[in-house]
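All the letters of the sequence shown, read from the start, carry residue numbers 708 to 1034 under the numbering used here.
Everything on this sheet refers to the single structure shown next.
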Amino acid sequence: MVLSGLIYLVYTSTSHRYKEQRFCLKISKEHQENYLLQSPHGLSYNQPSVVGPDGNVVPLTPWLAPVVWEGTFDPTLIDSIYKQQNITIATTVFALGKYTQFLRDFLESAEQNYFVGFRVHYYVFTDQPEQVPAVKLSEEHHLTVLTVPSSNRWQEITLSRMARLEELIESRLVNEADYVFSLDVDTKFYGRWGVETLGRLVGVIHPGYYQTPREQYPYERRPESQAFIPSAEGDYYYGGAVIGGLVKDVHEVAKACREQLDIDASKSIEAAWQEESHLNKYFLYNKPSKVLSPEYLWQDFKPHTNEVKIIRFSQVIKNYAAVRPNP
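Next comes the structure, spelled out in structure tokens:
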């Protein structure tokens, strides 16, 4: 009987410790998945590359975030996994002034390629709601037009993007969506853009600088700007045409960039590439959990390269002088 009691005590004690250990592991895993991948300022390390010395694309960043290229995912498998999660993807697009002319191609090409078979809600910010085209949307895709004031400077339009995104998330998306992407309107979808792009915090590598030394990146180099990045620092140059991730994490990006933009504005400073400069500053010290290759942001005037096997999303050719309200 004494022996049985000892066995029972050992068993229950071991079982308790095992359950406690499992509980701690669970917390640690959740904490790790939701924790920002922050790096300190001034840290010295080699510049990441998206193309290896053998000419093959690199599928992981140095902080082990996936870089999404053609061939790195199975569309059938990944779609079947995310279909079970009943998710909604909010998508914001800004079409002010003459940029409304790009809306039809954007929306019609999106309906053919963008999260096909998943629930999507487009939010179109515009100063000309009557110019929003009547595009036929699939059953689970919806569109809301949000009227905003116009501007005589294209820089002001892009500078206000973070503030409007922050406000929309706080007022609506926090209760209406799981993920959100903010995309440029002067673009067109040419191939699949699906759930392989989803992640906690997602950035896209700019097609013009993916093989450029970081000291030549068009970062903001003036120390007086909140977007300042020293010439010895930098991972990739991220395109401001694409910002995405979980609603709460994109809110953090938008809020941080808006606050930095406000500080710069109070000092009459405008970063080299407006919100894109501040986005690059944020992503340098708060690493994206997933990085999209230039397949997800190309430029129509650029020829195909050996690395980019498929173009999924691209900026269309346009005459800036004809569509922008000011030089």
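Think of the CB as a built atom: it goes at the ideal place given N, C-alpha and C, for glycine as much as any other residue.
Model, not experiment: these values are computed from the prediction.
Annotated three-state conformation of F1008 is coil, per DSSP. Two segments are said to touch when three or more pairs of C-beta atoms, one from each, lie closer than 8 Å; by this definition the segment 999-1019 touches the segment 906-915. When the beta-carbon positions are compared, G901 and F822 come within less than 8 Å of each other.
Between L890 and the set V954, R965, L1004, the nearest pair of CA atoms involves L1004.
Put simply, of I976, S746, L743, N753 the residue whose alpha carbon is nearest the alpha carbon of P920 is N753.
Less than 8 Å separates the beta-carbon of R1019 from that of F896.
The alpha-carbon of Q791 is positioned some 12 Å away from that of L784. Put simply, the segment 872-891 touches the segment 788-805. At least three CB pairs are less than 8 Å apart. According to the DSSP assignment, T783 belongs to no beta strand (DSSP E) but to the alpha helix (DSSP H) extending over 782-790. In the displayed model, R899 falls within coil according to three-state DSSP, outside both helix and strand. Between T904 and the set V764, E777, L744, the nearest pair of CA atoms involves E777.
With contacts defined as CB atoms closer than 8 Å, S1021 and D971 fail to qualify as a contacting pair. Counting other Cβ atoms within 10 Å of its Cβ, R929 stays below 16 and is therefore classed as exposed.
Put simply, the backbone Cα of L744 is about 31 Å away from that of D893. The criterion of a C-beta distance shorter than 8 Å is not satisfied by Y829 and L853.
According to the DSSP assignment, L999 belongs to the beta strand (DSSP E) that extends over 997-999. The alpha carbon of H849 has as its nearest neighbour, out of Q1006, G898, A817, the alpha carbon of A817.
The Cβ-Cβ distance between T779 and T807 does not fall below 8 Å. As a beta-bridge residue in DSSP terms, Y886 pairs with I796, L953. For L810, the closest C-alpha among the options N793, Y992, P836 is that of P836. In this structure L875 does not touch R907 by the C-beta definition: roughly 19 Å separates them, more than the 8 Å allowed.
The three-state secondary structure of D942, taken from DSSP, is coil. Look at D761 here: in three-state DSSP terms it is coil, with no helix or strand label.
In the DSSP annotation of this structure, the continuous segment of the beta strand (DSSP E) that includes H848 starts and ends at 848-854. Beta-carbon to beta-carbon, N1013 and G898 are separated by about 18 Å, too far to satisfy the 8 Å threshold. The DSSP-derived three-state label of G804 is helix. Only residues of its own chain outside the window of five on either side were considered, and among them T807 have a CB closer than 7 Å to the CB of Q838, listed in chain order.
DSSP places Y989 outside any beta strand (DSSP E); the residue lies instead in the alpha helix (DSSP H), whose first and last residues are 981-992. DSSP places V842 in the coil class of the three-state scheme, outside both helix and strand.
Residue environment analysis places H1011 among the exposed positions, since fewer than 16 neighbouring C-beta atoms fall within 10 angstroms of its C-beta. The beta carbon of V1023 sits closer than 8 Å to those of F809, D812, D893, T894, K895, D1007, all from its chain and outside the five residues before and after it, given in chain order. Partner residues in the beta bridge of E927, as assigned by DSSP, are F935.
Nearest to T851 by C-alpha distance, out of S858, S857, V842, is V842.
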